[in-house]
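Chains as they are written, first to last, in my numbering: chain A, 51 to 263; chain B, 59 to 187. Each residue gets a CB set at the ideal place from its N, CA and C atoms; glycine is no exception. Heads up, the thing below is written out as structure tokens.
Right, dumping it as structure tokens:
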């Protein structure tokens with residue numbers, strides 16, 4: 051490590067002009083991994099923005115079917131929102147616990163996060179099943195197609211997140227707080243917080259704007 | 059690539075990581091973020107259903123509140139800051155936001171004009187025959 055640092059410094063000032071650029075070497079793996087995952091999350095958000103754009107364009111194309119204000123129930127959406135928000139908080143608590151290597155608080159935080167995520171998914175699934183049973187499935191109108199694909203895509207992400215969450219608990223149980231496990235845990239926390247940011251857009255644009263207009 | 063977890067002083071900081079803080083300070087950050095986010099969420103749901111305010115202002119207010127809440131999440135949960143060790147993360151975020159605004163803004167703009175310039179469907183259908 052010190053060898054490369056010295057060599058790097060010599061290369062940084064080959065003509066001895068006195069302007070030595072301190073070259074700290076490659077970034078730690080934790081930084082590189084998280085940055086790569088951050089770029090993936092941003093591209094995921096770009097994908098969600100395409101669904102948002104489709105929804106914004108098609109929201110009025112109801113083809114004689116129901117309008118948003120007729121099928122949205124604000125009470126359910128409020129419960130879903132609070133669930134995801136609290137789960138983001140408990141996920142943050144779990145990642146702090148992982149950083150200080152406290153197993154009890156880590157398991158507790160992750161378990162509460164999992165429960166809140168499952169409650170969110172259950173409410174969303176019931177809403178979807180109820181709509182389909184009333185004949186308002188995704189094939190009813192362009193509005194419903196864009197609604198189901200946007201909200202359903204977010205729901206799929208939450209489902210994948212819960213599988214990942216359980217995997218992280220199992221890995222900590224089996225392998226302990228190793229550096230690679232902690233990196234995965236950091237990526238999971240980023241993923242879960244990013245999903246909550248997407249949900250802020252969903253409940254504002256789809257449910258609140260849609261039920262008002 | 060070294061595998062050190064806490065050698066961060068001279069390097070960029072990972073997204074989601076904070077500078078060295080005690081556990082109490084970190085928990086407090088999440089609590090403040092949660093309180094702000096709950097406040098903004100409650101305001102959004104209240105504004106959407108109320109008739110206390112001028113009605114055409116409601117969609118604008120909802121969008122402003124949503125952007126504010128996304129900012130709260132970015133700062134308090136994802137720990138994106140303006141510090142020099144966070145420049146890479148902020149630049150990636152800025153590029154992502156540029157693409158998002160191009161996609162959403164461009165789509166809404168163009169498709170809105172297309173809808174205005176098109177005759178209604180019941181007038182198009184006879185022309186096809």
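Worksheet item: residue 138 of chain B by DSSP, collapsed to three states: which one?
Response: coil
Worksheet item: What are the boundary residues of the alpha helix (DSSP H) that includes residue 190 of chain A?
Response: From DSSP, residue 190 of chain A is part of no alpha helix (DSSP H); its letter is neither H nor E.
Worksheet item: What is the C-beta distance between residue 252 of chain A and residue 200 of chain A, in whole angstroms, given that I count them as a contact (C-beta under 8 Å)?
Response: 7 Å
Item to complete: Taking C-beta pairs closer than 7 Å, name the residues in chain A that residue 175 of chain B reaches, listed in chain order.
Response: Residues of chain A passing the Cβ test: none, with the nearest at roughly 15 Å.
Worksheet entry | Local Cβ density within 10 Å of residue 190 of chain A, reported as buried at 16 or more and exposed below that | buried
Worksheet entry | Chain-ordered neighbours of residue 305 of chain A on chain B, where CB pairs are closer than 7 Å | Outside the displayed span of chain A (51 to 263) sits residue 305 of chain A, for which this structure offers no information.
Item to complete: May I have the straight-line CA-CA distance separating residue 218 of chain A from residue 235 of chain A, to the nearest angstrom?
Response: 7 Å
Worksheet item: Looking at the C-beta of residue 52 of chain A, does it have a partner C-beta in chain B at a distance below 8 Å?
Response: For residue 52 of chain A, the predicted model reports a pLDDT of 42, less than 50, meaning its position is unreliable and no value from the coordinates is stated.
Worksheet item: Is the CB of residue 141 of chain B under 8 Å away from at least one CB in chain A?
Response: no
Worksheet item: With burial defined as no fewer than 16 other Cβ atoms inside 10 Å of the residue's Cβ, what is the status of residue 249 of chain A: buried or exposed?
Response: buried
Discussion item. Are there any heavy atoms of the ligand ZN lying less than 7 Å away from the beta-carbon of residue 174 of chain B, as far as the coordinates show?
Written reply: In the structure on display, the ligand ZN does not appear, and there are no ligands present to speak of.
Discussion item. Between the alpha carbons of residue 178 of chain A and residue 77 of chain A, how many angstroms are there, rounded?
Written reply: 46 Å
Discussion item. Please classify residue 254 of chain A as buried or exposed, where buried requires at least 16 neighbouring CB atoms within 10 angstroms.
Written reply: buried
Worksheet entry | The alpha helix (DSSP H) enclosing residue 34 of chain A, as first and last residue numbers | Any property of residue 34 of chain A remains undetermined from this structure, which presents chain A solely from 51 to 263.
Discussion item. Taking the alpha-carbon of residue 186 of chain A as reference, which of A/92, A/81, A/84, A/113 has the nearest alpha-carbon?
Written reply: A/113
Item to complete: Quick one: list the residues of chain A neighbouring residue 111 of chain B, beta-carbon separation under 7 Å, in chain order.
Response: In chain order: nothing, as chain A lies at least about 12 Å away.
Practice prompt. Specify the secondary structure class of residue 104 of chain B as computed by DSSP and reduced to three states.
Written response: helix
Practice prompt. Give the single residue among A/172, A/146, A/194 whose Cα lies nearest to the Cα of residue 108 of chain A.
Written response: A/194
Worksheet item: Using a beta-carbon distance below 8 Å, is residue 104 of chain B in contact with chain A?
Response: no
Worksheet item: Using a C-beta cutoff of 8 Å, does residue 127 of chain B count as contacting chain A?
Response: yes
Worksheet item: Would you report the Cα separation of residue 205 of chain A and residue 188 of chain A, rounded to the nearest angstrom?
Response: 15 Å
Discussion item. Beta carbons nearer than 8 Å to chain B: which residues of the region 99–110 of chain A have them?
Written reply: 99, 100, 102, 103, 104, 106, 107
Practice prompt. Count the other C-beta atoms from every protein chain shown that fall within 10 angstroms of the C-beta of residue 175 of chain B, then say buried if there are 16 or more, exposed otherwise.
Written response: exposed
Worksheet entry | Other residues of its chain near residue 131 of chain B: CB distance less than 8 Å, five sequence neighbours each side excluded | 91, 95
Fill in: Helix, strand or coil at residue 110 of chain B [DSSP, three-state]
coil
Discussion item. I need the boundaries of the alpha helix (DSSP H) containing residue 175 of chain B, first residue and last residue.
Written reply: 145–175
Practice prompt. Since I believe residue 137 of chain B is in contact with residue 75 of chain B (beta carbons under 8 Å), could you give me their beta-carbon distance rounded to a whole number of angstroms?
Written response: 7 Å
Discussion item. So the candidates are B/104, B/81, B/70; which of them puts its Cα closest to the Cα of residue 261 of chain A?
Written reply: B/104
Discussion item. If distances are taken between C-alpha atoms only, which option among B/116, B/85, B/152 comes closest to residue 129 of chain B?
Written reply: B/152
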